[in-house]
């Protein structure tokens, strides 16, 4: 039986896949944003990328 990509425990029936990398995880382990589920590492990476894009936009309009 495969294990959760976030917590490492065995997966059961109620699983979701990361919208970015496709890793399977428990529903309660997933980070949900705008109707999509993400694993912890993809969520952090997306947050970082979003922050960099906002910083670039601010510098562009100055």
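In our numbering, the protein residues as written are 6 to 67. Even glycine gets a Cβ: it sits at the ideal position worked out from N, Cα and C. Bear in mind that the values here come from a model prediction, so they are computed numbers and not experimental data.
Could you tell me whether the Cβ atoms of residue i and residue j are closer together than 7 Å?
i, j, result
"residue 9", "residue 31", "yes"
"residue 29", "residue 38", "no"
Can you give me the Cβ contacts of residue i inside the same chain, cut-off strictly under 7 Å, excluding the 5 residues immediately before and after it?
i, result
"residue 45", "11 and 36"
Leaving out five residues on either side along the sequence, give the residues of the same chain with a beta carbon under 6 Å from the beta carbon of residue i.
i, result
"residue 23", "43, 44 and 47"
"residue 51", "none"
"residue 34", "9, 11 and 12"
For residue i, which three-state DSSP category applies?
i, result
"residue 60", "helix"
Looking at the strands, I want to know which residues DSSP matches up with residue i.
i, result
"residue 15", "8"
To which residues of the same chain is residue i closer than 8 Å at the C-beta, ignoring the five residues directly before and after it?
i, result
"residue 7", "15, 16 and 29"
Task: Every unbroken beta strand (DSSP E) inside the region 32-59 [3 residues or more] - done: 36-38 and 41-43
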